[in-house]
Amino acid sequence: MVSWRRRPGPGLARLWGLCCLVLGWWPSALGCPASCGCSSWRIWCTEVSPGIASFPVPQRSAEGDNVTEIYIANQQNLESINDNEVGFYVGLKNLTVVDSGLRFVSRHAFVKNVNLQYINLSRNKLSSLSKKPFRHLGLSDLILVDNPFKCSCEIMWIKKFQETKFYTETQDLYCIDDNNKRTALLDMKVPNCDLPSANLSNYNITVVEGKSITLYCDTTGGPPPNVSWVVTNLVSNHESDTNKNPASLTIKNVSSMDSGLEISCVAENIVGEDQASAELTVFFAPNITFIESPTPDHHWCIPFTVKGNPKPTLQWFYEGAVLNESEYICTKIHVINQSEYHGCLQLDNPTHLNNGAYTLLAKNDYGEDEKRVDAHFMSVPGDGNGPILDPDVYEYETTPNDLGDATNNSNQITSTDVSNKENEDSITVYVVVGIAALVCTGLVITLIILKFGRHSKFGMKVHGGVKGVGLVDQIWLSLQDCDNEGPSSVISNDDDSASPLHHISNGSNTPSSSEGGPDAVIIGMTKIPVIENPQYFGITNSQLKPDT
């Protein structure tokens, strides 16, 4: 048999052609300029001619989601990075723009690029650079060498950035002063150019619900910083004044919903920024926002939700009287959220005796609140109003939301099904107990038979006898005499006259051998006297021979 190999056909050639077409079509589909190359994760623009005059932007925003690196070099016509240009590449991690004509970076250039870790802007024409484009980024490297920075307060943040312990590599950065002399950035000194600072008048902000409070924020720095208050999610009415130092924030009619909220004062200038924060604590009276009838779970539970600060004390009442809690009835708090407490009154196997009205009282230093709920765990035995259920057996009802189509009766569990199951279980228990009782009774009877049956051998104990006569002969003679004298002379006891020979007993009831004389035989429990037959010894051998 001749082996053969399939030769490449026109289908494979068409496949290679399609791949080449896709690779060639990709740059234009992504919107790459003529001087740039593109792949699924990288863009590079390095050709001098014709070059690019603006930052490369994809034709469709979704096309830039997977790009993680952009490399631009030798682009003298690229002078700025504007708002929302880099924002198309939300997954961007590395950005390099070197040996180009970059002069300006917008303050909002990298707002959407939270994944940026590496930025290299070396050998450009940057004379100034604001910190705002970079302040929200977790950069590991920011390289700015060989830029003609002008010695001013606007680049003081770069010097501070170099001096921080987070910056491991010192760059050879310099700036040009008013006399056109180059000065190392680390040696740059600019008057009235300092980092700002912010300090709150009170870092322990406490207020009672419904009252008002005013906070003050004192700031320093050069140039004088701009002050702003961060009060995100604040529900209460408030107003601020940041035109004077210290700046103020007034919160009116404080709501309990603002308890635990963080309030911040931010001071910022061209050198940098500082922030001071404090937590708002609101004291308010308890409020029972939720309470419901008991629900069966691992235990019966009366669920509730209580709000209050400080933490309220909880007391339950049953039918108006104080409910003394124990290991069977107790309050459990499951979730604590700020000043909100979620829990339940837990009851272990309650009966009809626990039916009734339950009242929850929540109290603290600022007030109290109470709510009542009626609880029904099981019917009173014998009232005829409904089935008596075990506390661990509940009735279930199907609803369209819980189990789908409510018309499907096969999905329902009724109290009748539960009752039938209980009857079957009871019958099974009775059968098992009956079989066990029979087995135990048979075993006891068997043990009794084995215990006493091993002595039942119809033995005879002889206390005396006739000399020269064997035991069997004596017994035979005695029986012959008894036949002559009648049944009454054989056994003296009337009760034993109709009984067969008794077993010889070794117990204390055995008749004494001293009674009736020495020539006596005990058969069973009856002592029979042995009487010698004088004619027995007169019988000769010839008389014993049969007649032939």
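Under mature numbering (1 follows the signal peptide of the UniProt record, and there is no 0), the letters of the sequence shown match residues -31 to -1, 1 to 517, in that order.
Quick reminder that beta carbons are idealized off the backbone N, C-alpha and C, glycines included.
- Residue pairing for Cys234: DSSP places it in a beta bridge opposite Trp198, Ala245.
- Annotation for Phe130: the continuous alpha helix (DSSP H) segment containing it runs 125 to 132.
- According to DSSP, residue pairing for Lys332 in a beta bridge involves Thr282, Glu337.
- DSSP, reduced to helix, strand and coil, places Leu61 outside both helices and strands of the structure shown, so it counts as coil.
- Taking the C-beta atoms as reference points, Leu230 is found nearer than 7 Å to Leu249.
- Contact between the segment 153 to 160 and the segment 179 to 188 is absent: fewer than three C-beta pairs spanning the two stretches fall below 8 Å.
- In this structure, the alpha-carbon of Gly277 lies about 34 Å from that of Val196.
- Under DSSP, Trp10 takes part in no beta bridge, so it has no partner.
- According to the DSSP secondary-structure assignment, Glu208 is paired through a beta bridge with Thr219.
- Under the DSSP assignment, Pro102 falls outside any beta strand (DSSP E); it carries neither an H nor an E label.
- Exclusion of the five residues before and after Gly336 leaves Ala254, Pro255 as the residues of its chain whose Cβ lies within less than 7 Å of its Cβ.
- The C-beta distance from Leu85 to Leu106 rounds to 5 Å, short enough to meet the 8 Å contact threshold.
- A residue is called buried once 16 or more other Cβ atoms fall within 10 Å of its Cβ, and Ser205 is buried on that count.
- Inter-residue distance for Lys100 and Ile239 is about 7 Å (C-alpha atoms, whole angstroms).
- Residues Ala42, Asn43, Arg92 of the same chain have their beta carbon placed closer than 7 Å to that of Asp68, with the five preceding and five following residues left out of the count.
- Remark: C-beta atoms of Ser4 and Pro25 do not approach each other more closely than 7 Å.
- For Asn306, the three-state secondary structure derived from DSSP is strand.
- By the C-beta criterion, the segment 219 to 229 is judged not to be in contact with the segment 291 to 304, since fewer than 3 inter-stretch pairs fall below 8 Å.
- Under the DSSP definition of a beta bridge, Phe421 lacks any partner.
- Here the segment 186 to 195 makes no contact with the segment 142 to 153; the two share fewer than three CB pairs at distances below 8 Å.
- The beta carbon of Ile145 lies closer than 8 Å to those of Pro117, Phe118, Lys119, Cys120, Arg151, Thr152 in the same chain, with the five residues before and after it left out.
- With fewer than 16 other beta carbons inside 10 angstroms of its own, Ala406 counts as exposed.
- Excluding the 5 residues flanking it on each side, Arg11 has same chain C-beta neighbours closer than 8 Å at Val36, Thr37, Glu38, Ile39, Tyr40, in chain order.
- When only Cα atoms are considered, Cys313 and Cys234 end up about 41 Å apart.
- In this model, Leu322 and Val400 are separated by some 34 Å (Cα to Cα).
- For Glu288, DSSP assigns no beta-bridge partner whatsoever.
- Residues Pro165, Ser166, Ala167, Ala236 of the same chain have their beta carbon placed closer than 6 Å to that of Asp243, with the five preceding and five following residues left out of the count.
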